[in-house]
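For what it's worth, this note's numbering labels the leading residue of the sequence shown as 33, then goes sequentially.
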Amino acid sequence: MALTLQIDHYHPSPRHIRRAVEVLRNGGVIAYPTDTAYGLGCDLFDKRAIERIYQMKRLPRNHQLSFICADLSNVAEYAVVNNQAYRAMKRLLPGPYTFILPATPVVPRFMITGKRKTVGIRVPDHSAPRMLVEELGHPLVNTTAGFEGEEPLASAEQIDDAMGKVLDAILDSGFVQFDESSVIDFTSDVPVVVRHGKGDVSMFE
């Protein structure tokens, strides 16, 4: 079964964050809480770990995975953020949003699917994933914990029962009610709300 590290929802233990990052640096895949669900993640630059996530979740390889950045300045390293996107993101982040943006050359090629060189980026309103990114020094690949086409897993116990044999570690902060992030596409002149989820998107409509 996966290593389980219990953390406070609002004030995660830095020691447990460091332990989880050790796992990530060694090619591991971990589960962790966010502001919308439990996520599965690994180091953005670890191709083998990313392939493990596709296998774990039974995802088609053309399914694009998003990733988590620590803050808005971190986002700008990996995505082209125009003035309109910057203003919106400054207002809304951290929060339950995924922004689709043009990728910069820093993003590994194996993270780009299809002809559009875009990325989906999150800065969740939850300390744990942002602390992981800060400690790791790289963004964290992010996808909802669970299997494609099935209900997301909402607790460490559910995750361990379903995926513990293939996961390396779980940050356990109790039950997390699943609620999809809102997705806004900033790759054209006019932002487009691709998915209505948690979070106010009225400013784009």
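Backbone N, C-alpha and C fix where the C-beta goes; we use that ideal spot for every residue, glycine too.
Restricting attention to 156, 209, 46, 160, the CA atom closest to the CA of residue 104 is found in 156. In this model, residue 33 and residue 134 are separated by some 38 Å (Cα to Cα). The criterion of a C-beta distance shorter than 8 Å is not satisfied by residue 164 and residue 70. Rounded to whole angstroms, residue 171 and residue 102 show a C-alpha spacing of 7 Å. Using a 10 angstroms sphere on the CB of residue 222, the tally of other CB atoms stays under 16, which defines it as exposed. Within the same chain, Cβ atoms closer than 8 Å to the Cβ of residue 216 are found at 120, 129, 130, 131, 132, 223, 224, 225, 226, 233, 236, the five residues on either side in sequence being excluded. Membership of residue 85 in the alpha helix (DSSP H) is indicated by the continuous run 79-89. Here residue 159 is buried: its Cβ has 16 or more other Cβ atoms, across all protein chains shown, within 10 Å. Per DSSP, reduced to three states, the secondary structure at residue 70 is strand. The segment 107-123 and the segment 190-203 do not touch, with fewer than three beta-carbon pairs separated by less than 8 Å. Taking 8 Å as the cut-off, the Cβ atoms of residue 97 and residue 175 count as close. By the CB criterion at 8 Å, residue 61 and residue 100 fall outside the cutoff.
According to the DSSP assignment, residue 192 belongs to the alpha helix (DSSP H) that extends over 188-195.
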